[in-house]
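Input: a single structure, listed below in structure tokens.
Chains as they are written, first to last, in the numbering used here: chain A, 287 to 901; chain B, 18 to 147.
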């Protein structure tokens, strides 16, 4: 029965009953001697269900809690100081309740412990929110821990108070190694001043993104990008800063490399001896190098920037330039276009320009880069060469025609009768002379082609007549080699409006080649067909053919294929070069197909009507 | 008394001695009355004096070149219609084109023509095919 029951109970009863906390009194055996209303309110047990019963008998504690309560009870009763602790209670309804338990000793006048008065605070809600907070904190901690970026917290003294694993990883540390260290200890001393300024800005409440170089644990530099913000307490006072840090070393390295590379190219262009200009797609100059300035006699880049290349050209060439620009945009590259440019002082000079389109990473044309070369010297030399060739040809021809005519007169007996042997010898001279004349003619043609002074004289030409004459002239060789000539003409006469001289040059060359490079008893087929607006002539032989590896060079000057060089050491290698060049003068085409040891077919395509005016 | 020859008259102008000789010899054998001169000035003199039936002119000559001589002949009333042939070894396209334009004359390149063929051609010019 209750041990504690004295007159002063009334005084304390109100306190006891009205306390917001649950109060249970226990005797030294652990039996409940009294409970207040709260106990019933919270746990659902009526006084009669608890008073007089031992702790162990009341089903308001689970096993663990009971053991703990008993332990603490024993200690308390023994006089030990037991701080408040938590206990899991079970209400009569079976619900869970977490209580904070605080036990005070009850002593008699003699200071002997007679029991305990136990105060229980319901901290269930608190516990729940504590749990929730823990959960939430766990979630955030996870976020922070697993973040791909570094998170770094410093206090108001710039001491590291928190780093997530990523942050430590970025700097090559373990998290523990970073905690407690000053921010400035993670950087090169040269950077400290900047960092100080940054902290100042944080203190002013400024949040911003900036790049920074830190030092890793191993002493190497790391480039980072930081998103920083100040942390304030609820009074707005600065208490530290937070930074979300990303490792941008790779990006930085690429930027540096790009910068280096760009500088390298810039140097190449600026120091290049060639005049290089960068323009937009309209030809407006964006930049140019020193060589370009010198080419035009300017001193300052600003005299060129913003202007177009057309501004530095003579009037007559401006149209050409516009046309070429259009062509360039279509073809992306245009080489060796000749223009007459102007220097700053108005002096004209011939120049050669090559340009190409620069596209961006998506393949869209953005700029034009061009190289311009002063070709005055080259032109002068060309002109001198051509004049020399022309004059030399004339000087060469004069004695040649004299030799021709005088051997002719000798052969005719004009200087007296000649015997058989004399005739033979003179004929040798005559033949050799004619060969020389042919060669000089070829050189003359080349020089005229080079100079662009090759004259075209259109007239009504009968191809068949020309071909027949050529075959007639070459008949001695045809007979000697016993070659068979097959003619495939659709008409009796094949008339067209073209240059007779050019037809002669081309057909003579092709025929003599066919005859020369076909072995005895071979066959040559000539055919002409009208394929408006062209005439197509085919000359095919069953000769030595042209080796595949040499075919690309067949129209080059002085080129003779290896296989015929061995068989025939004479031959200038100029015939086809001239034939192709002159055919192109009248906008015709010359091509071939060939197989070594089988034969060759040449295709001549000529416009039926010359579209070039008589020069 | 000057007997009027029934031969055709030909004036040949060429500063190259050997060429002139070869041409004059050949045309003499072809029954022409030949007048040979070594420069354009002399050529004009003879042309206006003798009124040849055909004239052969070389381009490159001292004192007056062939093209100038030809132009001056054409300026003359008689000279407008006389057949002229330019014989040259020059590949000077402009000069030849200048002269050949509008059928002022015909031309041929010396190295490509035998003397025999030149005579044939001249005869053709004088006696067109019936």
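Built from N, CA and C at the ideal position, the CB exists for glycine as well.
Is it true that the CB of residue j sits closer than 8 Å to the CB of residue i?
i, j, result
"residue 888(A)", "residue 811(A)", "no"
"residue 69(B)", "residue 132(B)", "no"
"residue 399(A)", "residue 393(A)", "yes"
"residue 149(B)", "residue 31(B)", "Nothing can be reported for residue 149(B), as the shown portion of chain B is limited to 18 through 147."
"residue 473(A)", "residue 448(A)", "no"
"residue 100(B)", "residue 37(B)", "no"
"residue 507(A)", "residue 497(A)", "no"
"residue 886(A)", "residue 880(A)", "yes"
"residue 726(A)", "residue 682(A)", "yes"
"residue 687(A)", "residue 56(B)", "no"
"residue 800(A)", "residue 827(A)", "yes"
"residue 172(B)", "residue 96(B)", "Outside the displayed range of chain B (18 to 147) lies residue 172(B), so it cannot be described from this structure."
"residue 723(A)", "residue 864(A)", "no"
"residue 845(A)", "residue 859(A)", "yes"
"residue 819(A)", "residue 893(A)", "yes"
"residue 668(A)", "residue 635(A)", "no"
"residue 451(A)", "residue 488(A)", "no"
"residue 841(A)", "residue 873(A)", "no"
"residue 601(A)", "residue 623(A)", "no"
"residue 569(A)", "residue 611(A)", "yes"
"residue 559(A)", "residue 615(A)", "no"
"residue 953(A)", "residue 798(A)", "What is shown of chain A runs 287 to 901, which leaves residue 953(A) out entirely."
"residue 730(A)", "residue 795(A)", "no"
"residue 320(A)", "residue 344(A)", "no"
"residue 470(A)", "residue 454(A)", "no"
"residue 61(B)", "residue 86(B)", "yes"
"residue 721(A)", "residue 690(A)", "no"
"residue 378(A)", "residue 329(A)", "yes"
Tell me, to the nearest whole angstrom, how far the beta carbon of residue i is from that of residue j; I am working on the premise that it is less than 8 Å.
i, j, result
"residue 653(A)", "residue 628(A)", "No, residue 653(A) and residue 628(A) are not in contact; Cβ-Cβ is about 24 Å, not under 8 Å."
"residue 637(A)", "residue 620(A)", "Actually they are not in contact, since the Cβ atoms of residue 637(A) and residue 620(A) sit about 14 Å apart, beyond 8 Å."
"residue 790(A)", "residue 752(A)", "6 Å"
"residue 572(A)", "residue 564(A)", "5 Å"
"residue 578(A)", "residue 658(A)", "7 Å"
"residue 406(A)", "residue 387(A)", "5 Å"
"residue 783(A)", "residue 896(A)", "6 Å"
"residue 480(A)", "residue 531(A)", "About 16 Å separates the two Cβ atoms, so there is no contact after all."
"residue 402(A)", "residue 359(A)", "7 Å"
"residue 139(B)", "residue 102(B)", "7 Å"
"residue 302(A)", "residue 317(A)", "In fact, because the Cβ distance is near 18 Å, the residues do not count as touching under 8 Å."
"residue 42(B)", "residue 700(A)", "7 Å"
"residue 630(A)", "residue 583(A)", "4 Å"
"residue 704(A)", "residue 712(A)", "7 Å"
"residue 768(A)", "residue 710(A)", "The pair is not a contact, with the Cβ atoms about 24 Å apart (cut-off 8 Å)."
Bridge partners for residue i per DSSP, in chain order?
i, result
"residue 674(A)", "Note: residue 674(A) sits in no beta bridge, so no partner."
"residue 309(A)", "405(A)"
"residue 878(A)", "888(A)"
"residue 494(A)", "514(A)"
"residue 317(A)", "340(A)"
"residue 122(B)", "DSSP output for residue 122(B) lists no bridge partner at all."
"residue 508(A)", "500(A)"
"residue 136(B)", "Per DSSP, none; premise fails for residue 136(B)."
"residue 526(A)", "441(A) and 517(A)"
"residue 656(A)", "563(A) and 641(A)"
"residue 375(A)", "347(A) and 383(A)"
"residue 627(A)", "599(A) and 635(A)"
"residue 26(B)", "50(B)"
"residue 651(A)", "645(A)"
"residue 554(A)", "DSSP, once it has assigned bridges, lists no residue as partnering residue 554(A)."
"residue 702(A)", "700(A)"
"residue 531(A)", "436(A) and 512(A)"
"residue 893(A)", "820(A)"
"residue 570(A)", "594(A)"
Using a Cβ-Cβ cut-off of less than 9 Å, list which residues of the segment 685 to 714 of chain A approach chain B; keep chain order.
Here the close residues are 685, 686, 687, 688, 690, 691, 692, 694, 695, 698 and 700.
Quick one: complete alpha helix (DSSP H) runs, 4+ long, within the segment 795 to 874 of chain A?
Within the segment 795 to 874 of chain A, the complete alpha helix (DSSP H) segments at least 4 residues long are 848 to 853 and 861 to 871, listed from N- to C-terminus.
Tell me the start and end of each unbroken alpha helix (DSSP H) in the segment 591 to 619 of chain A that is at least 4 residues and wholly inside, in chain order.
Correct list: 601 to 617.
Output the residue ranges of the alpha helix (DSSP H) runs that lie fully inside the segment 386 to 467 of chain A and measure 4 residues or longer, sorted by chain position.
Counting only runs of 4 or more, we get 410 to 432, 451 to 457 and 461 to 464.
Closer than 7 Å, Cβ to Cβ, to anything on chain A: give me those residues from the segment 30 to 41 of chain B, in chain order.
Within the segment 30 to 41 of chain B, contact with chain A at the beta-carbon level (separation under 7 Å) is assigned to 33, 35, 36 and 39.
In chain order, which alpha helix (DSSP H) runs of at least 4 residues are fully inside the segment 44 to 107 of chain B?
As far as the segment 44 to 107 of chain B is concerned, its whole alpha helix (DSSP H) runs of at least 4 residues are 57 to 67 and 83 to 92.
Secondary structure, alpha helix (DSSP H): runs of 4+ residues fully inside the segment 740 to 772 of chain A:
Considered as a whole, the segment 740 to 772 of chain A harbours 749 to 759 and 761 to 767 as its complete alpha helix (DSSP H) runs of no fewer than 4 residues, in chain order.
Taking beta-carbon pairs under 7 Å, can you tell me which members of the segment 578 to 608 of chain A lie near chain B?
Closer than 7 Å at the C-beta level to chain B, one finds no residue of the segment 578 to 608 of chain A.
Members of the segment 658 to 669 of chain A near chain B, C-beta cut-off 7 Å:
Shown here is that no member of the segment 658 to 669 of chain A has a Cβ falling below 7 Å from a Cβ of chain B.
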